[in-house]
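Asks:
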Amino acid sequence: MQKKQIHALLVLPLGMFLTGCATTIPQQAPLTIPSNMLLCQAAPQVPDDPTDKDLAYYILDLSNAGDDCRDKLKAIKNIEEPTNGKK
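With mature numbering (1 follows the signal peptide of the UniProt record, and there is no 0) applied, the sequence shown corresponds to residues -22 to -1, 1 to 65, in that order.
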């Protein structure tokens, strides 16, 4: 074989291998937040003419509603900005 033909035969497989190295930009799927994460627990109604016991339960219920909302916001943040194990 002639030298040019040998080079052509070597270049063809090499070109095929190089196309395998072509990069495609990965597409990120849109994030979907579960609908139950978008609603916070409702704040309790302030009791009328409350006793000390009523106030204590009101404060606990109010605290629980705030915790529920903060926990859901934290979970949404973790979905949108994962830390990949980093602190």
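We put the beta carbon where it would ideally sit given N, CA and C, even for glycine.
Because the structure is a prediction, the values reported are computed rather than measured.
What number of angstroms, rounded off, separates the C-alpha of D45 from the C-alpha of Q5?
Replies: If you take the alpha carbons of D45 and Q5, they lie about 35 Å apart.
Asks: From the DSSP output, in three-state form, read off C47 for me.
Replies: It is helical.
Asks: Suppose the cutoff is 6 Å on Cβ atoms and the five residues either side in sequence are ignored; what does the same chain contact list for K52 look like?
Replies: If we look at K52 and ignore the five residues flanking it on each side, it has no Cβ neighbours.
Asks: Should L40 and P28 be called a contact, given that it needs their Cβ atoms to be closer than 8 Å?
Replies: Not in contact: L40 and P28 (Cβ atoms no closer than 8 Å).
Asks: Work out the CA separation of Y35 and A43 for me, nearest whole Å.
Replies: If I take the Cα positions, the gap works out to 12 Å.
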